[in-house]
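The structure appears below as structure tokens.
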Amino acid sequence: MAANEDQAHIAVIGCGYVGLTTAASLANLGHSVIGVESSLERLESLQEGKVPFFEPELEELVNLGIEENHLAFTFDLKSAVSQAQFVFVCVPTPSQDDGSADLSVVRSVSEEMSDSLISGSIVILKSTVPIGTSVQVEEWIDRSDVEVASNPEFLQAGRAVAAFKNPDRIIIGANTLATREKVAELYSKVSAPVVCTDSRSAELIKYASNAYLASRITFVNNIAELCEKTGGEASTVLRGLGLDKRIGEAFLQPGPGWGGSCFPKDTRALISVAAEAGSDATLLNAVLESNETRFAQIAAVISESFIGHEEIQVAMLGLTFKAGTDDLRESPSLKVASLLLNSGVKIVGYDPHVTTTPLNGLEIVQSVEEAVKDSDALVVMTEWERFVDLDSEELIKLMAGKIIVDTRNILNSKTYVDAGFSVWQAGQGWKKPLK
Ligand code: UDX
18 MAANEDQAHI
28 AVIGCGYVGL
38 TTAASLANLG
48 HSVIGVESSL
58 ERLESLQEGK
68 VPFFEPELEE
78 LVNLGIEENH
88 LAFTFDLKSA
98 VSQAQFVFVC
108 VPTPSQDDGS
118 ADLSVVRSVS
128 EEMSDSLISG
138 SIVILKSTVP
148 IGTSVQVEEW
158 IDRSDVEVAS
168 NPEFLQAGRA
178 VAAFKNPDRI
188 IIGANTLATR
198 EKVAELYSKV
208 SAPVVCTDSR
218 SAELIKYASN
228 AYLASRITFV
238 NNIAELCEKT
248 GGEASTVLRG
258 LGLDKRIGEA
268 FLQPGPGWGG
278 SCFPKDTRAL
288 ISVAAEAGSD
298 ATLLNAVLES
308 NETRFAQIAA
318 VISESFIGHE
328 EIQVAMLGLT
338 FKAGTDDLRE
348 SPSLKVASLL
358 LNSGVKIVGY
368 DPHVTTTPLN
378 GLEIVQSVEE
388 AVKDSDALVV
398 MTEWERFVDL
408 DSEELIKLMA
418 GKIIVDTRNI
428 LNSKTYVDAG
438 FSVWQAGQGW
448 KKPLK
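Encoded structure:
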């Protein structure tokens with residue numbers, strides 16, 4: 018029974034990064050939440066209050082939920098949903114070979130829980146899914162007394178808990194007003210605009226948001242490359258651009274190309290949805306291609322600084338797709354590393370959250386010092402705070418060469434140029450010491 022009127026009984030299926038953040042955050046809002054996890058190893062770890070991946074603030078929130086008796090975990094999907102008024106589906110929807118989203122896990126959980134759902138319950142899709150999936154899930158569940166809604170997540174790795182507490186907006190898609198209101202009520206303690214719409218529009222909002230952001234970064238990297246090649250100052254150019262209120266200043270950092278678990282997968286999936294609908298996806302295809310080109314540009318910047326040399330060793334600082342996460346999925350670091358390894362460059366990688374090698378041939382060490390030792394060049398691929406103040410004297414002592422490639426623009430180039438390094442930065446190109 019609910020301890021108070023506002024407390025809902027919720028099951029969250031899938032305790033990965035989205036599901037666990039959702040479960041712990043809903044528990045923190047006062048709801049009674051049960052997380053369903055199919056991996057026994059992960060389940061045991063969660064039951065002990067241990068989060069099996071790195072996400073700031075999440076472990077504390079999980080433990081608080083367990084202590085306050087608002088959060089528990091189980092393997093048993095049927096039993097969990099048989100006591101839930103709301104069932105959040107947070108299972109993976111990975112890319113298939115043709116770019117479309119693989120809905121097999123969504124389908125299997127829908128079919129498996131169908132008989133156990135309580136009458137009047139609402140199944141809410143939080144996983145990112147193609148347009149029309151909510152309607153499809155209704156068919157898989159096949160229960161006229163259960164509704165399916167869409168409530169896409171917009172969590173950013175590294176700030177997922179903060180983003181849940183303070184989102185830019187909450188999107189709810191459902192085909193009846195009553196269902197929209199019931200789902201909105203779950204978030205009554207969160208202060209954010211709520212956009213209620215039909216489920217297809219909600220699903221499209223999620224894809225459109227990620228595809229737009231990915232396109233935006235690709236545009237930024239195109240302008241950055243122009244600056245690198247023509248001598249423009251990208252940080253000023255982009256600030257000048259962002260001050261136009263229609264454009265805005267956030268999300269305008271040039272870098273080595275975008276990666277992660279969402280942008281590549283969702284952009285490919287939207288292209289696939291567009292193709293199926295006979296809709297034009299020229300822009301999105303170009304965005305994907307241009308992002309791959311950016312990885313190649315970064316690899317070329319590194320390898321071209323060694324033309325004529327043999328047996329090159331590069332220290333790669335940062336392997337995750339961005340700072341604040343241990344996620345290596347579609348990481349630009351690995352794309353660039355792969356291109357360099359294929360051209361015979363030796364790479365020694367260091368990342369504060371990576372202990373074993375994610376790529377054949379890529380050596381992993383446990384400190385910056387070990388990575389840079391005897392290296393001909395140092396490449397900053399991820400914007401971890403600890404790479405901002407690398408000691409130039411120490412680098413000179415340890416490294417064999419004097420080349421720094423800063424793909425995240427986090428170093429003060431003057432410090433390193435004054436110490437005798439040639440420094441390349443995203444959006445700025447090379448700065449070299451005076452002869
Ligand atoms: C993204 C969306 O932001 C989030 O709303 C959605 O739910 C999941 O996908 P995330 O994958 O965590 O979140 O990463 P994000 O911070 O958006 O960055 C994506 C990529 O763009 C990273 O590779 C990042 O380094 C790059 N990026 C981002 C830039 O190169 N420059 C920027 O200014 C911002």
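Mapped onto our numbering, the consecutive letters of the sequence shown carry residue numbers 18 to 452. Heads up, the beta-carbon is just placed ideally off N, CA and C, and yes, glycines get one too. Since the model is a prediction, treat every value here as computed from it, not as a measurement.
For S360, the three-state secondary structure derived from DSSP is coil.
Annotated as proximal: L94 and M130, with beta-carbon spacing under 7 Å.
In chain order, F268, L269 place their CB closer than 8 Å to the CB of R233, counting only its own chain and leaving out the 5 sequence neighbours on each side. Each residue's CA atom was taken as its position, placing A313 and L243 some 15 Å apart.
Taking 8 Å as the upper bound for CB-CB distance, T38 and F181 are in contact here, some 6 Å apart. Bridge partners of Q330 according to DSSP: K363. With a 10 Å radius around the Cβ and a threshold of 16 neighbouring Cβ atoms, I324 comes out exposed.
Residue state for W447 is assigned as strand, using DSSP reduced to three classes. By the Cβ neighbour-count rule, G52 is buried, with 16 or more other Cβ atoms within 10 Å of its own. For the ligand UDX, no non-hydrogen atom lies closer than 6 Å to the CB of G295.
Pairing L415 with P273, the inter-Cα distance amounts to about 26 Å. Bounds of the beta strand (DSSP E) holding Q442 are 439-442. The continuous beta strand (DSSP E) containing E164 extends over residues 164-167. Taking a C-beta distance under 7 Å as the contact criterion, F338 and G277 qualify as a contact pair. By DSSP's assignment, I139 forms a beta bridge with F103, E164. Between R256 and the set D408, F105, G444, V318, the nearest pair of CA atoms involves G444.
When DSSP states are grouped into helix, strand and coil, A291 belongs to the helix group. Around the beta carbon of S144, 16 or more other beta carbons lie within 10 angstroms, which makes this residue buried.
Note: L88 is bridge-paired with V50 in the DSSP secondary-structure output.
Here the alpha carbon of Q102 sits roughly 59 Å from the alpha carbon of Y433. Rounded to whole angstroms, the gap between the alpha carbons of Y224 and E328 is 44 Å. Of the heavy atoms belonging to the ligand UDX, at least one sits nearer than 6 Å to the Cβ of K339. The residue from S55, R124, E77 with its alpha-carbon nearest to that of F90 is S55. In this structure, the straight-line span from the alpha carbon of D344 to that of L258 is close to 31 Å. Nearest C-alpha to E77 among S127, F70, G66: G66. Comparing alpha carbon positions, the residue from E156, Q330, P349, Y204 closest to N168 is Y204.
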